[in-house]
Structures are given as structure tokens and as C-alpha cells.
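Numbering (the working numbering), first residue to last: 1041 to 1211. Virtual Cβ for every residue (Gly too), placed ideally from N, Cα, C. Fair warning: this is a prediction, and the values are worked out from it, not measured in the lab. As C-alpha cells, the structure follows; a few thoughts come after it.
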Amino acid sequence: SDVYKRQVSTQSTGIYHTMQASIIILLSLLVLAVVSQTPTQPIWPRYFSASVAQHHYNNREPPRFFRWFYDSAKNKDRFDGVVDFADERIWAQAIFDHTIQRETVVFFQQSTVSCYYRSINSTLPKPNLTNLQYIGVALIDDLPVYHWIENDRTRGVTFQYYETIRYREPK
């Protein structure tokens, strides 16, 4: 009778561990399937602020880094970054007010601030995100982001776009 109880107990423990391992494997595969799915194509957001790195193919010019702020409700864009002005590299802000078709450029230099206005005579292009290809998940500031790319060899342009996974905002 003791031998029978031990056999039944051993068999039921083995079945329990096999079922538990099967459930863990199944859950792991499910999580992997969800994570590895290609997200839906990104869309241009109504507002954002993002860091931009602009590299040139000719490699003679250093890359430009700037911040881009956009708000469709206010119909404005703003770029902040270092620019060449009067043979010097200085901090600048360019504000594009599309409603009144005016660009305001402000240059900051030690104790001097210069402000210039001019008409906007062309549209500020917004990227076409429909041709982007999803290439995976990347990390920016220790935050997982979707990484998209478009390689337009005709124009010699490679465009990379990163967006937060949770809110689908440019990063």
C-alpha cells in the first residue's frame, strides 16, 4: 500500500512539472510572438519635440544636431541648435509661424541677442512616413523605441525615425 501511494505521488508530481513547463514555454512563445510583431506604420504626430541628427553624404560637413518642436494646433515649428552666423558658431532658434507666414530667427551670443523676421516663402516639409520599413527595437535614453528607416538611393537620402513604443511619439 505504501509502494502504491509513492508511485501515484511520483507520477502526479511528474505530470504536474511537465504541465507547468509546458505552460511556461507556451507563455514565453506568446510573449515572443507579441513582441516580434511588426507595429503599424507610424503617422505624423499632431505635436512633438524631438532631437534630430542631420548627416551629410559628402562627409565634408560635420553632422548637425538640433531640437525640433512642432504643434499642428498652433501651426508652428521651432528649431533650436548651433548654427554658423557671421563666421561664428552660435546658438539659434528659428520659429516658423505658418498661419501668418513669418519666420522669426533669434541668435544668442554671450550678452547679445539678435532677432530677425522674414516671410516664409516655402512650406516646411513634413516627412512622408508611408515608405518607412520597420527594422526592430532600439534603445534611446534606456527607453525601448521602434526603429524605422527609409533608404532613398535616388535622392541620396537615408531617413531614420524612432518612436516610443507606448505613445508612438517621435524620440
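Backbone CA spacing between residue i and residue j [nearest angstrom]
i: H1212; j: P1165; result: Outside the modelled stretch of the chain, which goes from 1041 to 1211, sits residue 1212, for which no answer is possible.
i: W1084; j: D1124; result: 30 Å
i: S1154; j: P1082; result: 38 Å
i: W1208; j: Q1149; result: Here the sequence assigns Arg to residue 1208, which means Trp is not the residue at that position. Using only the alpha carbons, I get a separation of about 36 Å.
i: W1188; j: A1178; result: 10 Å
i: T1144; j: S1162; result: 14 Å
i: H1095; j: L1172; result: 18 Å
i: L988; j: D1181; result: This structure does not reach residue 988, given that the chain is present from 1041 up to 1211, and the question cannot be answered.
i: R1195; j: P1167; result: 14 Å
i: Y1157; j: R1100; result: 31 Å
Residue i: first and last residue of the uninterrupted beta strand (DSSP E) it sits in
i: D1182; result: Unbroken run through D1182: none, as it is neither H nor E.
i: S1154; result: T1152 to S1159
i: Q1094; result: Y1087 to Q1094
Simplified DSSP state of residue i, which is helix, strand or coil
i: T1198; result: strand
i: T1204; result: strand
i: I1130; result: strand
i: I1083; result: coil
i: Q1077; result: coil
Contact set for residue i: own chain, Cβ-Cβ below 6 Å, skip 5 residues either direction
i: R1118; result: F1109 and I1135
i: N1191; result: T1198
i: P1210; result: F1088, A1090 and E1203
i: A1132; result: V1123 and F1147
Cutoff 7 Å; reference residue i; Cβ partners in own chain excluding five residues on either side
i: P1079; result: Y1174 and Y1186
i: S1159; result: Q1141 and R1142
i: D1120; result: F1106, R1107 and Q1133
i: S1112; result: R1086 and Y1087
Beta-bridge pairing of residue i - partner residues as DSSP gives them
i: I1135; result: R1118 and T1144
i: N1191; result: T1198
i: R1107; result: S1091 and D1120
i: Q1149; result: T1152
i: Q1214; result: Absent from the structure is residue 1214, since the part of the chain shown begins at 1041 and ends at 1211.
Sequence-distant residues of its chain with Cβ nearer than 8 Å to residue i (five each side left out)
i: P1103; result: A1093, Q1094, H1095 and H1096
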